[in-house]
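Oh and the sequence shown: position 23 is 69 in my numbering, straight run, nothing missing. Reading through the structure tokens given below for one structure.
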Amino acid sequence: VCEETNSLISDSIGVSFPIKDGIPSLVPKDGKILGVDDDQIKSDAADAAMNKE
Numbered sequence: 047v048c049e050e051t052n053s054l055i056s057d058s059i060g061v062s063f064p065i066k067d068g069i070p071s072l073v074p075k076d077g078k079i080l081g082v083d084d085d086q087i088k089s090d091a092a093d094a095a096m097n098k099e
């Protein structure tokens with residue numbers, strides 16, 4: 047839960063859903079796709095490569 051944006055964030059799918067009257071609105075059209083910066087992509091790729099070893 048992000049109190050700053052009053053939303054529920056799903057890190058696994060990279061989507062933020064608004065919370066209305068204390069209830070997350072998990073309707074797909076209400077969700078906002080979160081941006082991923084290049085540094086995070088590189089970090090994730092490096093982590094995945096290390097886990098294979």
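For each residue, glycine too, the CB sits at the ideal point set by N, CA and C.
Between the CA atoms of residue j and residue i - distance to the nearest angstrom
i   : j   : result
G68 : K75 : 19 angstroms
S71 : T51 : 14 angstroms
I65 : K78 : 12 angstroms
I59 : V73 : 14 angstroms
S62 : I55 : 4 angstroms
Identity of the residues DSSP links to residue i by a beta bridge
i   : result
K75 : Bridge partners of K75: none, in fact.
Three-state class that DSSP yields for residue i in the structure shown
i   : result
L54 : strand
D85 : Confidence at D85 is low in this model, with a pLDDT of 49, below 50, so its placement is unreliable and the value that follows should be read with caution. Helix.
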